[in-house]
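Engineer: What follows is a structure written as structure tokens; I'll ask about it next.
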Amino acid sequence: MKKRIVLCAGLCAALALTGCKSSESAYKKMYERAQAQEQAKTETEAEVPTVTPLTPAPVTETTVQDNVDNATFRTEDVTVVSGNGLSAFSVVVGSFGLKANAESLQRTLNAAGYAAQIAYNAGRNMYRVVASTHADKASAVRSRNQFRQQYPDAWLLYKK
């Protein structure tokens, strides 16, 4: 009986050891395949012609900054949340869904010496940060153009 157990155990061990092929050949095949792919990649890169970048021509900026007649504005029904009150035309430098963000920009503008205000548009649920407010459109356009140097998306608001 002991002989059979030893014989079966030896047979199982022999099958287990001979049944597994060496994985070294699989790694070698993968390594060779990766080298072939890398070589093919470098060959195709060598075939691509070198392109020299274009140098753009200098742009001459022509802006109509004080053209009051063509200046666009938005008409909104807003209520002043923080500030002294709005005139007919106002320069808006920021619009936020959260009041805290609008207050942060207002503090920044006030620290810079502007009398910034916050107006709320209930229809759109947006807080508008007004940097300056003017009675006439011409002065509002000039002010907006000055603010666009620091706030490129500044726009005009006409209060209903």
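Per mature numbering (1 follows the signal peptide of the UniProt record, and there is no 0), the sequence shown runs over residues -18 to -1, 1 to 142.
Backbone N, C-alpha and C fix where the C-beta goes; we use that ideal spot for every residue, glycine too.
Taking the runs of the beta strand (DSSP E) that are 3 residues or longer, which of them lie wholly in the stretch 67 to 138?
Structural biologist: DSSP runs (the beta strand (DSSP E)) wholly in the stretch 67 to 138: 71 to 78, 99 to 103, 108 to 116.
Engineer: Given a cut-off of 8 Å on the beta-carbon distance, is the pair residue 143 and L68 in contact?
Structural biologist: Here the chain covers residues -18 to 142 and nothing more, so residue 143 does not appear.
Engineer: With three or more C-beta pairs closer than 8 Å as the rule, is the stretch 100 to 114 touching the stretch 61 to 81?
Structural biologist: Cβ pair count under 8 Å is three or more, so yes.
Engineer: In the DSSP assignment, what residue or residues form a beta bridge with S64?
Structural biologist: Per DSSP, I100.
Engineer: With a CB to CB cut of under 7 Å and the five nearest residues on each side skipped, what residues in its chain are close to L53?
Structural biologist: Note that residue 53 is Ala in the sequence shown, not Leu. Hits under 7 Å: K119, V123, L138.
Engineer: Can you tell me which of the three DSSP states K(-16) falls into?
Structural biologist: Residue state, collapsed to three classes: helix.
Engineer: Secondary structure at K142, three-state DSSP: helix, strand or coil?
Structural biologist: In this structure, K142 counts as coil in the three-state DSSP scheme.
Engineer: For T61 and A101, which I take to be in contact (beta-carbon distance under 8 Å), what is that distance rounded to the nearest angstrom?
Structural biologist: Sure, about 7 Å apart at Cβ, within 8 Å.
Engineer: Between A97 and N66, how many whole angstroms is the CB-CB distance? I'm expecting something under 8 Å.
Structural biologist: A97 to N66, Cβ: 7 Å. Contact.
Engineer: Could you say which of F71, A70, F129 lies nearest to V95 if we only look at CA atoms?
Structural biologist: According to the sequence shown, residue 95 is Gly rather than Val. It is F129.
Engineer: Drop a sphere of 10 angstroms on the beta-carbon of S7, count the other beta-carbons inside from all chains shown, and report buried for 16 or more, exposed for fewer.
Structural biologist: Exposed: under 16 other Cβ atoms inside 10 Å.
Engineer: For F71, which of E85, H116, A84 has the nearest alpha-carbon?
Structural biologist: Out of E85, H116, A84, H116 has the C-alpha closest to the C-alpha of F71.
Engineer: Can you tell me whether A84 is buried or exposed? The criterion is at least 16 other CB atoms within 10 Å of its CB, across all chains shown.
Structural biologist: Buried.
Engineer: Determine the extent of the beta strand (DSSP E) in which T57 is found, giving its start and end residues.
Structural biologist: Element bounds for T57: 55 to 58.
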